[in-house]
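Novice: This is the structure, below, for whatever I ask next.
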Amino acid sequence: MGLLFAGYELTALIGKGGMADVYRAVALTGPRAGQEVAVKQLKPELSRDPQYVELFRQEALVTRRLHHPAVIDVFDAGVEEGRPYLVMDLIDGQNLRQILSQCALRGILLPIDFAAYLGHQLALALDHAHAGTDREGRPLGIVHCDVSPSNVFISRLGEVKLGDFGVALTPGATKGARQGAFGKIHYLAPEQLRGGPLTPRTDLFALGAVLFELLTNQRAFPGTTVEEVGERILSGQLRAPSDVRPEVPFELDALTLHCVAAAPEDRWESAADFATDIAARYDPSVGTPLAIASVVRGLFGATRPKVGSGD
């Protein structure tokens, strides 16, 4: 029998991050009794830090207001034994970081149609998050702030799910240095690095960096140190995906470069606009959940996946 925690039986650790650990679990009570879920716990040492406890609280508030096929569903939250936790749908599959790493090991690239399809699904997820409202219908003003391959999950059925809103900003949580202190350096927009105001266009910069990586399996802004990567981003040292992979069509080059423009006003106005454009850039008979699921099975075989991200 696994560890009992807040009405859940924790059966396996499936993700470790800087902020939190994620467990495969079974619900013991309530409407989901008997079902497998994922339980995310703030790390013990951070559970005593008011800043991280507040981040976790914000994640619970934000994610429980979001319900979209491309966003991981969070349906329970609380504090148990002094540790804040979230309970969310268990995604049997892999995250994009794991998928891209496996592609690199095999010396292959994702099909271009697959990359564009994944970019489209992420844009739909972001559009839903950016349009999120509170119980009274007032805009939440969500900015995810940490769109990256390790926070995007692909289920065994080929579903694309954006998760980990742990550093998402809302109007009540944008004060202080936290604006530029979180997220992964390769996907941070210039305004994040400078500690400036963040908007949905900040997430579109990260989405462009992820799309570049999906198309090429290389970083949009390479570098061996945080400082080197940051300097490339701040100086607007852009390259097109076709510079790395010549068969990438011009339209996807232009779309990607539009996302990662240094000035926010030079990017797409909204994730919805990006989604509309990229939807026309892949063959819908090739970029499908079934095809994505087949690729994931081919890369990882029939072993049970262990997917999860702690931050």
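Convert by adding 5 to the 1-based position in the sequence shown; the result is the number in the working numbering. For each residue, glycine too, the CB sits at the ideal point set by N, CA and C.
Between ASP26, GLN223 and ALA268, which has its C-alpha nearest GLN46's C-alpha?
Specialist: ASP26
Novice: Taking 8 Å as the cut-off, does the stretch 236 to 245 touch the stretch 256 to 276 (at least 3 CB pairs, one atom from each stretch)?
Specialist: yes
Novice: Enumerate in chain order the residues of its own chain whose CB-to-CB distance from SER160 is below 8 Å, with the five nearest sequence positions on each side excluded.
Specialist: ILE96, ASP97, GLY98, LYS166 and ALA298
Novice: Could you give the residue range of the alpha helix (DSSP H) that holds SER290?
Specialist: Premise fails: SER290 is in no alpha helix (DSSP H) and is neither H nor E.
Novice: In the structure shown, what three-state DSSP assignment does ASN100 receive?
Specialist: strand
Novice: Smallest Cα separation from ALA130: which of PRO74, ILE113 and ASN156?
Specialist: PRO74
Novice: With DSSP collapsed to three states, give me the class of GLY303.
Specialist: helix
Novice: For VAL79, which beta-bridge partners are listed by DSSP?
Specialist: MET93
Novice: Tell me which residue opens and which closes the alpha helix (DSSP H) that GLY20 is part of.
Specialist: Counting along the chain, GLY20 falls outside any alpha helix (DSSP H), though it belongs to the beta strand (DSSP E) covering 13 to 21.
Novice: What residues match up with LEU129 in a beta bridge as DSSP calls it?
Specialist: BP columns for LEU129 are empty, so no partner.
Novice: Keeping to the same chain, check which residues put their C-beta closer than 7 Å to that of GLU218; ignore five residues upstream and five downstream.
Specialist: LEU105, PRO154, ARG224 and ALA225
Novice: If we call anything under 8 Å between Cβ atoms a contact, is PHE128 one with ALA280?
Specialist: It is worth fixing the name first, because residue 128 is Ala in this sequence and not Phe. In contact: ALA128 and ALA280 (Cβ atoms closer than 8 Å).
Novice: Straight-line CA distance for ARG250 to LEU115?
Specialist: 11 Å
Novice: Would you call the CB atoms of ASP78 and GLY292 closer than 8 Å?
Specialist: no
Novice: Spatial neighbours of VAL215 within its chain, please: C-beta separation below 8 Å, excluding the five flanking residues on both sides.
Specialist: So the qualifying residues of the chain are LEU101, GLY124, LEU127, VAL152, SER153, PRO154, VAL157 and TYR192.
Novice: Between the C-alpha atoms of ASP208 and ALA11, what's the straight-line distance to the nearest angstrom?
Specialist: 34 Å
Novice: Let me check one thing: in DSSP terms, what residues is PHE361 bridge-paired to?
Specialist: Only positions 6 to 316 of the chain appear in this structure, which leaves residue 361 out of reach.
Novice: Could you give the DSSP three-state label for LEU167: helix, strand or coil?
Specialist: strand
Novice: Please classify PRO89 as buried or exposed, where buried requires at least 16 other C-beta atoms within 10 Å of its C-beta.
Specialist: Of the residues assessed, PRO89 falls on the buried side of the cut-off, its CB having 16 or more other CB atoms within 10 angstroms.
Novice: Measuring only the C-alpha atoms, how far is GLY171 from ARG111?
Specialist: In this model, GLY171 and ARG111 are separated by some 32 Å (Cα to Cα).
Novice: Excluding the five sequence neighbours on either side, which residues of its own chain have a C-beta within less than 6 Å of the C-beta of ASP81, listed in chain order?
Specialist: VAL92
Novice: Could you tell me which residues DSSP puts in a beta bridge with LEU8?
Specialist: LEU15
Novice: Between the stretch 32 to 52 and the stretch 140 to 151, do three or more beta carbon pairs fall short of 8 Å?
Specialist: Result no; under three Cβ-Cβ pairs closer than 8 Å.
Novice: Compute the Euclidean distance between the alpha carbons of GLU85 and THR229, then round it to the nearest angstrom.
Specialist: Counting only the Cα atoms, THR229 lies some 40 Å from GLU85.
Novice: Rounding to the nearest angstrom, what Cα-Cα distance links GLN56 and PRO202 in this structure?
Specialist: 19 Å
Novice: Which of the three DSSP states is assigned to ALA43 in this structure?
Specialist: In the three-state reduction of the DSSP assignment, ALA43 falls in the strand class, which pools E and B.
Novice: Helix, strand or coil, according to DSSP, for ALA25 in the structure here?
Specialist: Here ALA25 sits in strand by DSSP.
Novice: For a test of the three-state rule: what should DSSP assign to LEU209, helix, strand or coil?
Specialist: helix
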